[in-house]
Amino acid sequence: MLSDGEIIEGCRKHSRKAQQLLYDKYSRFLLGICLRYSSDRAEAEDILQDVFVRVFFNIDEYSGAGSFAGWLRKVAVNTAITNYHRTMKHRYHLDIDEYKSMETGTVSFEDDLFTADELVRVLNELPPGYKMVFNLYAVEGYKHREIADMLNIDVNTSKSQYSRARAMLRDKLSHLRELRGSYVADDRDDETE
Amino acid sequence: MAAKGKYSDIDELFRSGLEGFEAEPSPLVRRSLMRRVETREFLRFNPGRINIWYVAVAAATAGAILILSSGGTGKGDDAISGRAPSDTVSITEIPSTGIPAKIEEPADLQTRAGSTDRQTTVQPGTREESMSLPVRQNEVVKSKLTSSDTLSRAKSDTAGGNLQQVADIQGENLTVSSFTISALSGCAPLKVSLSSTSTNAESIQWVSSDGRKSQEQTIEWEFTTPGSYTIGLTATGKGASSDNRSATIIVHPLPKARFEVTPANREVTDRDIILFNYSENFLTASWSFGDGGNSTLNDPVHNYKASGAYRISLKVTNEHGCSDTVSKIYSTSRGVHRIEFPNAFIPNKNGPTGGYYSLRSDEAASVFHPEYEGVTEYYLAVYSRTGALLFESRSLNIGWDGYYKGQLCEPGVYIWRARGRFVTGEQFQKSGDVTLLKF
Numbered sequence: 001m002l003s004d005g006e007i008i009e010g011c012r013k014h015s016r017k018a019q020q021l022l023y024d025k026y027s028r029f030l031l032g033i034c035l036r037y038s039s040d041r042a043e044a045e046d047i048l049q050d051v052f053v054r055v056f057f058n059i060d061e062y063s064g065a066g067s068f069a070g071w072l073r074k075v076a077v078n079t080a081i082t083n084y085h086r087t088m089k090h091r092y093h094l095d096i097d098e099y100k101s102m103e104t105g106t107v108s109f110e111d112d113l114f115t116a117d118e119l120v121r122v123l124n125e126l127p128p129g130y131k132m133v134f135n136l137y138a139v140e141g142y143k144h145r146e147i148a149d150m151l152n153i154d155v156n157t158s159k160s161q162y163s164r165a166r167a168m169l170r171d172k173l174s175h176l177r178e179l180r181g182s183y184v185a186d187d188r189d190d191e192t193e
Numbered sequence: 001m002a003a004k005g006k007y008s009d010i011d012e013l014f015r016s017g018l019e020g021f022e023a024e025p026s027p028l029v030r031r032s033l034m035r036r037v038e039t040r041e042f043l044r045f046n047p048g049r050i051n052i053w054y055v056a057v058a059a060a061t062a063g064a065i066l067i068l069s070s071g072g073t074g075k076g077d078d079a080i081s082g083r084a085p086s087d088t089v090s091i092t093e094i095p096s097t098g099i100p101a102k103i104e105e106p107a108d109l110q111t112r113a114g115s116t117d118r119q120t121t122v123q124p125g126t127r128e129e130s131m132s133l134p135v136r137q138n139e140v141v142k143s144k145l146t147s148s149d150t151l152s153r154a155k156s157d158t159a160g161g162n163l164q165q166v167a168d169i170q171g172e173n174l175t176v177s178s179f180t181i182s183a184l185s186g187c188a189p190l191k192v193s194l195s196s197t198s199t200n201a202e203s204i205q206w207v208s209s210d211g212r213k214s215q216e217q218t219i220e221w222e223f224t225t226p227g228s229y230t231i232g233l234t235a236t237g238k239g240a241s242s243d244n245r246s247a248t249i250i251v252h253p254l255p256k257a258r259f260e261v262t263p264a265n266r267e268v269t270d271r272d273i274i275l276f277n278y279s280e281n282f283l284t285a286s287w288s289f290g291d292g293g294n295s296t297l298n299d300p301v302h303n304y305k306a307s308g309a310y311r312i313s314l315k316v317t318n319e320h321g322c323s324d325t326v327s328k329i330y331s332t333s334r335g336v337h338r339i340e341f342p343n344a345f346i347p348n349k350n351g352p353t354g355g356y357y358s359l360r361s362d363e364a365a366s367v368f369h370p371e372y373e374g375v376t377e378y379y380l381a382v383y384s385r386t387g388a389l390l391f392e393s394r395s396l397n398i399g400w401d402g403y404y405k406g407q408l409c410e411p412g413v414y415i416w417r418a419r420g421r422f423v424t425g426e427q428f429q430k431s432g433d434v435t436l437l438k439f
């Protein structure tokens, strides 16, 4: 197995072999990111292709300073954002005001055990805009100001979409937990229903 | 791979839960990615990567250009010389006349040859379809209908359908379904008379969308529930030839008339009665009071001039013109008359009220006034015990409020005198005393 440095060097020279190696090493990782930003697997794989094309042809942009995985991640996120902008017009959009759900109480998920697959699935159920903001803020760790710039939205929109996304996720996770039935529904009072 | 541990925060849950989340791309991705990369690499023309492909492609391109340039001139010559030949005429002619012409023309001929009698039933100039046979039997249906037609055709007028009919005409066995209908819309319950005018039919079958069936020539169906119904007629002739037509009828809902009268059947004479319309699903109301009086107001007020039993009827109509009528007998008798005065009252302590009162609402008895019926003329005067005139009224609407020149009178006994005339023309004159109380 070649090191990152050797692979990068090979890619700079457009070596087909180095490109294959890069793909082998990082495609799974990058697809994991793409899946979070797309509505289904097919879309995620389309984004993944775009990510690799960008990586192969813009490998010179990687200065070698930071971590290579970090750079790849950034390219993936940016590609996903580009894709979001491109497909936004095809998607059904919910107005923010349509969603009145607010965070109710503090349901804690302490002892719960969600697989990453479940988390991604829950995430994918969010409206596209909410998903973008939540991904960028909570998972990627961008600031609301940066997100606003990236998505061409208002800072406050980013903030409100983030908080609504949180509320929705909370609901969905509680629901998921009840569905699984493997946990005592401690915070539910069935008699009230 | 699972997220485990304590997460009070949902962000944290997702961040750590998705940490290192990976997924295996399908093999297809790699293949199509590599194809894309190669295409792009190729187009970028990297001088460091010249290989046999470039040479081959360059050679092929050059060859193609050569062939195209020589072939192109050759074709050009053809085009110039090829304008004159008459072969091209048939090609250019098709778009000008169009496909309908191709279908219509033979059909036209066939029809004329096969069945001339049908043409007589077609009214010239009523044709709407451009691409149909000249003899369409549904026009027979149309011309016979007098009401505004919402006749729908179950059969689509496609070219294929036309051709099928052409075949039938050739055999002179064209079975055509048609019928007359007495009404296409109306108020519930709607009774429609249907009569088949189908030609060359050996058997007919009526169906309605609410499940009725019949094979009679003439039928009468009644639709009680409001809604839209489709009536279809299938005519089957010799062989397998059959045709069907359908019509949609609309049964409009009815309004529901209901009203009440206030005061209810009391023997009143001179007072107005109020009629309250409690009808449902209606647009306009029409009242008849039974004494020749009418009104179109929703809640009219009426006054009967003579005693008797009157039939009050209310007719309500909805937006479809459907109506419902309800009537009630209302009896009233003139000539009942009385006038009675109380012997005590309690004025309002807070100031003069002006003495207005209503027989229905003055329960607190803060105004001194009579209870009466059938009074036409009226005069009331109130005196102090010393004989001073404190109050007088000629209106049945105004009594004494217990004040004199803005000052509340002392509690005690006061004298009143009243006179007037009843509706019967009889005069009355009454007097008495009343005690003004104070709480």
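So the protein sequences, as listed, match chains A and B.
When the letters of the first sequence are read in order and numbered with our numbering, they come out as residues 1 to 193.
When the letters of the second sequence are read in order and numbered with our numbering, they come out as residues 1 to 439.
All residues carry an ideal CB built from backbone N, CA and C; glycine is no exception.
No experiment lies behind these values; they were computed from the predicted model shown.
Positions along the stretch 7-29 of chain B whose CB lies within less than 7 angstroms of some CB in chain A: So the list reads Y7, S8, I10, D11, L13, F14, R15, G17, L18, F21, E22, A23, E24, P25, S26 and V29, given in the order they occur along the chain.
Return the first residue and the last residue of the alpha helix (DSSP H) that B/V375 is part of. Note, B/V375: premise wrong, no alpha helix (DSSP H); beta strand (DSSP E) at V375 to Y383.
Residues of the stretch 43-54 of chain A with Cβ closer than 7 angstroms to any Cβ of chain B, in chain order: Shown in chain order are the members of the stretch 43-54 of chain A whose Cβ falls below 7 angstroms from a Cβ of chain B: E45, L48, Q49, F52 and V53.
Does the pairing of the stretch 242-252 of chain B with the stretch 181-195 of chain B give three or more beta-carbon distances under 8 angstroms? Flag = yes, the stretch 242-252 of chain B and the stretch 181-195 of chain B touch.
Complete runs of the alpha helix (DSSP H) confined to the stretch 251-300 of chain B [at least 4 residues]: Fully enclosed alpha helix (DSSP H) runs of 4 or longer: not present.
Please tell me whether B/L33 has its Cβ less than 8 angstroms away from any Cβ of chain A. So yes, B/L33 belongs to the interface.
Interface flag, B/V57 vs chain A, CB-CB below 8 angstroms: Not closer than 8 angstroms to any Cβ of chain A, the Cβ of B/V57 fails to qualify, so no.
Opposite B/Q407 in the DSSP bridges: which residues? DSSP lists B/Y404 as partners of B/Q407.
Strictly below 7 angstroms CB to CB, what residues from chain A border B/V37? For B/V37, the residues of chain A that pass the 7 angstroms Cβ criterion are Q19, V53 and F56, in the order they occur in the chain.
For B/G227, which residues in the same chain have their Cβ closer than 7 angstroms to its Cβ, ignoring the five residues on either side in sequence? Counting only Cβ-Cβ distances below 7 angstroms, and skipping sequence neighbours, we find V251.
Comparing C-alpha positions only, which one of A/G129, A/A44, A/R166 and A/D40 sits nearest to A/F29? Closest by alpha carbon: A/A44.
Does the beta carbon of A/G70 come closer than 8 angstroms to any beta carbon on chain B? So no, A/G70 is outside the interface.
Please classify A/H175: is it buried, with 16 or more other beta-carbons within 10 angstroms of its beta-carbon, or exposed? So A/H175 ends up on the exposed side.
Return yes when the Cβ of B/S241 is within less than 8 angstroms of the Cβ of B/E220, no when it is not. For the 8 angstroms CB-CB criterion, B/E220 and B/S241 do not form a contact.
Given a threshold of 16 other Cβ atoms within 10 Å of its Cβ, counted over all protein chains shown, does B/T225 qualify as buried or as exposed? By the C-beta density criterion, B/T225 is exposed, having fewer than 16 other C-beta atoms within 10 angstroms.
Helix, strand or coil at B/L436 according to DSSP, with G and I counted as helix: Secondary structure of B/L436 (DSSP, three-state): strand.
Whose Cβ in chain A lies nearer than 9 angstroms to the Cβ of B/E41? Here the neighbours are H14, R16, F56 and F57.
What does A/L35 touch in chain B if you count any residue whose Cβ is under 9 angstroms from its own? The contacting residues are F21 and A23.
Opposite A/I153 in the DSSP bridges: which residues? Beta-bridge pairing links A/I153 to no other residue.
Within-8 angstroms CB hit, A/D121 to chain B: Going by the sequence as given, residue 121 of chain A is Arg instead of Asp. Closer than 8 angstroms: no.
At 9 angstroms on the CB atoms, spell out the chain B contacts of A/R28, in chain order. Ordered by position in chain B, the residues that pass the 9 angstroms Cβ test against A/R28 are E22, A23, E24 and P25.
Buried or exposed for A/R36, please, with buried defined as at least 16 other CB atoms from any protein chain shown within 10 angstroms of its CB. When all chains shown are included, A/R36 counts as buried.
Any beta-carbon of chain A closer than 8 angstroms to the one on B/F439? So no, B/F439 is outside the interface.
Rounded straight-line distance, which links the Cα of A/A69 to that of A/D4: Approximately 9 angstroms between the Cα atoms of the pair.
Verify the contact flag: B/D299, CB atom, against every heavy atom of the ligand SAH, threshold strictly below 7 angstroms. Absent from the structure shown: the ligand SAH. Ligands present: none.
Nearest-angstrom Cα separation, counted from B/I10 out to A/R170: If you take the alpha carbons of A/R170 and B/I10, they lie about 7 angstroms apart.
Which residue's Cα is closest to the Cα of A/L179: A/N156, A/K131, A/N152 and A/E118? Checked all of A/N156, A/K131, A/N152 and A/E118; the closest Cα to A/L179 is A/E118.
By the DSSP assignment, the beta strand (DSSP E) with B/K328 in it spans what residues? Counting along the chain, the beta strand (DSSP E) containing B/K328 begins and ends at S323 to T332.
Please return the same chain residues whose Cβ sits closer than 8 angstroms to the Cβ of B/D433, not counting the five positions on each side in sequence. Hits under 8 angstroms: N343, V413, Y414, I415 and W416.
According to the Cβ coordinates, are A/Q195 and B/S26 closer than 8 angstroms? The shown model of chain A, from 1 to 193, leaves out residue 195 of chain A, and the question about it has no answer.
Helix, strand or coil, according to DSSP, for B/S185 in the structure here? Looking at B/S185 - three-state DSSP - the assignment turns out to be strand.
Does the stretch 256-265 of chain B come close enough to the stretch 316-329 of chain B that 3 or more CB-CB pairs lie under 8 angstroms? The stretch 316-329 of chain B, when compared against the stretch 256-265 of chain B, does touch it at the 8 angstroms Cβ threshold.
Cα-Cα, which of B/F422, B/C409, B/T386 and B/Q407 is closest to B/Y379? Considering only alpha carbons, the answer is B/F422.
Using beta carbons (cut-off 8 angstroms, strictly below), is A/G32 in contact with chain B? It does: the Cβ of A/G32 has a partner Cβ on chain B nearer than 8 angstroms.
Chain B contact residues for A/L169, given Cβ-Cβ distances below 8 angstroms: Within chain B, the residues near A/L169 are I10 and F14.
I'd like to know whether the C-beta atoms of A/I47 and A/S38 end up nearer to each other than 8 angstroms. Result yes, Cβ atoms of A/I47 and A/S38 sit closer than 8 angstroms.
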